[in-house]
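Chemist: Encoded as structure tokens, here's the structure I'll be asking about.
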Amino acid sequence: MLAAGGEVLPDDLTMLDASDAQDKGVLAVTQETADKYDLETISDLEPVAGEISLGGPPEWKKRSAASSAWRRSTA
């Protein structure tokens, strides 16, 4: 798409340069949750794994390194 972008887009649209991006699995919590449970790393979740819920897309279970760490912490 990037190579052909200028050829296939309507004249009133402009394709910008691609940004540097990475497709990585992450776990994110609010600052309030991080403070409450003293969270800095995924391994910090182990003692509180039974007290919190995790949500994400279905494919996260299969492809994410963060998912593997979560499973280990809740085993």
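When the letters of the sequence shown are read in order and numbered with UniProt numbering, they come out as residues 1 to 75.
Each residue gets a CB set at the ideal place from its N, CA and C atoms; glycine is no exception.
Evaluate Leu-45 with the Cβ neighbour count: other Cβ atoms within 10 Å of its Cβ, from every protein chain shown; 16 or more gives buried, anything less gives exposed.
Modeler: It is buried - the Cβ of Leu-45 has at least 16 other Cβ atoms within 10 Å.
Chemist: Leaving aside the five residues before and after Pro-58 along the sequence, list all residues of the same chain whose C-beta is less than 7 Å from its C-beta, in chain order.
Modeler: Contacts found: none.
Chemist: Give every residue of the same chain whose Cβ lies closer than 6 Å to the Cβ of Val-48, excluding the five residues on either side of it in the sequence, and list them in chain order.
Modeler: Tyr-37, listed in sequence order.
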